[in-house]
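Take our numbering: the last position of the sequence shown gets the number 206, and nothing is skipped along the way.
The structure appears below as structure tokens.
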Amino acid sequence: MVATGPELVTLDLDDTLCRYDRSTADLLAVAFERADVEPFFSAAEYVATIPTVTGESPLDLRRKCFRALAAEQGRSVAVADRLAEGYPERDPTAVSFLPGAREALDALLAQHRLALVSNGEPSHQRAKLDTLGIAGMFEATVFGTPETGVKPDPEPFHRVLEAFGVGPGRAVHVGNSLASDVAGAQAAGIPAVWLRADGSAGGEVSPEYVVDNLAELHGRPFPWE
-18 MVATGPELVT LDLDDTLCRY DRSTADLLAV AFERADVEPF FSAAEYVATI
32 PTVTGESPLD LRRKCFRALA AEQGRSVAVA DRLAEGYPER DPTAVSFLPG
82 AREALDALLA QHRLALVSNG EPSHQRAKLD TLGIAGMFEA TVFGTPETGV
132 KPDPEPFHRV LEAFGVGPGR AVHVGNSLAS DVAGAQAAGI PAVWLRADGS
182 AGGEVSPEYV VDNLAELHGR PFPWE
């Protein structure tokens, strides 16, 4: 363990450590085709909308996201609902590591205690961990749900800090989303490492640390050292 840096590293899962083998853009294209509607929002716009709504199921979440995006474009609720229903269901076992993810986990685990803080339906997220073979690397897994709080709500982070018995100053969070990972961690008082995988600039949220790929977490010095 490091003596002066964070004891605990928490990590996001989707688009931080792994991604679906079929992209969101691919699935959205299928939904537009099934609904017989010309595309009027992008996959990036859909993903950006997800942290702003809560849903009782993946379908309910999609429906609310698509309704919000449709309203911005003057489209009807009926069109949004057709898109939501035509969007293919995700297979949680059809996932792969992002480049360098496994190596980053190995390096982090050699120096820190690890926990997962990820939004998503718990059974789906656990299936991803099992598929990747990394469930045992985390001492705790906390899943953000509408019932327990979804990032950027700080509650998932509060829960993991309580589980480890550490203060926010002894932790750091790694994630790809400014809106949910960085904002959520900072709301709990935890410094954040933003995985800026697409090379885009930051927005209103300012992370304490930025990495452009997971190779930057393959060994010491880590960004927080």
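Glycine included, each C-beta is placed from N, C-alpha and C at the ideal position.
The structure displayed is predicted, hence computed values, not measured ones.
Does the Cβ-Cβ distance between residue i and residue j come in under 9 Å?
i: residue 120; j: residue 145; result: yes
i: residue 65; j: residue 57; result: no
i: residue 113; j: residue -1; result: yes
i: residue 155; j: residue 142; result: no
i: residue 1; j: residue 75; result: yes
i: residue 191; j: residue 198; result: no
i: residue 49; j: residue 34; result: yes
Could you say which of the options lies nearest to residue i if we only look at CA atoms?
i: residue 230; options: 68, 9, 130; result: Lying outside -18 to 206, the shown extent of the chain, residue 230 is not represented and no answer is given.
i: residue 60; options: -11, 178, 19, 150; result: 19
i: residue 178; options: -10, 158, 200, 151; result: 158
i: residue 188; options: 173, 84, 206, 199; result: 173
i: residue 26; options: 15, 124, 5; result: 5
i: residue 12; options: 32, 116, -9, 63; result: 63
i: residue 72; options: 3, 133, 91; result: 3
i: residue 152; options: 17, 69, 206; result: 206
i: residue -3; options: 105, 44, 81, 134; result: 81
i: residue 70; options: 92, 40, 44; result: 40
i: residue 32; options: 53, 99, 14; result: 99
i: residue 186; options: 133, 194, 140, 202; result: 133
i: residue 118; options: 17, 21, 92, 16; result: 92
i: residue 194; options: 36, 7, 17, 83; result: 83
Just the Cα atoms here: how many angstroms apart are residue i and residue j?
i: residue 204; j: residue 67; result: 42 Å
i: residue 108; j: residue 101; result: 11 Å
i: residue 23; j: residue 94; result: 37 Å
i: residue 9; j: residue -5; result: 17 Å
i: residue -17; j: residue 164; result: With a pLDDT of only 41 at residue -17, under 50, the local geometry of the prediction cannot be trusted, and no value is derived from it.
i: residue -7; j: residue 87; result: 16 Å
i: residue 170; j: residue 160; result: 15 Å
i: residue -13; j: residue 89; result: 11 Å
i: residue 196; j: residue 55; result: 43 Å
i: residue -11; j: residue 103; result: 22 Å
i: residue 30; j: residue 46; result: 6 Å
i: residue 200; j: residue 78; result: 18 Å
i: residue 125; j: residue 136; result: 8 Å
i: residue 149; j: residue -9; result: 11 Å
i: residue 43; j: residue 105; result: 16 Å
i: residue 53; j: residue 202; result: 45 Å
i: residue 127; j: residue 14; result: 30 Å
i: residue 116; j: residue 147; result: 22 Å
i: residue 122; j: residue 111; result: 13 Å
Check whether the Cβ of residue i sits closer than 8 Å to any heavy atom of the ligand ZN, and report yes or no.
i: residue 189; result: This structure simply doesn't include the ligand ZN, nor any ligand for that matter.
May I ask you to list the residues that DSSP assigns as paired with residue i?
i: residue 28; result: BP columns for residue 28 are empty, so no partner.
i: residue 125; result: 100
i: residue 0; result: 77
i: residue 156; result: 175
i: residue -5; result: -1
i: residue -10; result: 95, 153
i: residue 146; result: In the DSSP output, where bridge partners are listed per residue, residue 146 has none listed.
i: residue 192; result: 176
Within the stretch 32 to 83, note down every full beta strand (DSSP E) run reaching 3 residues or more, in order along the chain. For the stretch 32 to 83, whole beta strand (DSSP E) runs of length 3 or above, ordered along the chain, are 76 to 78.
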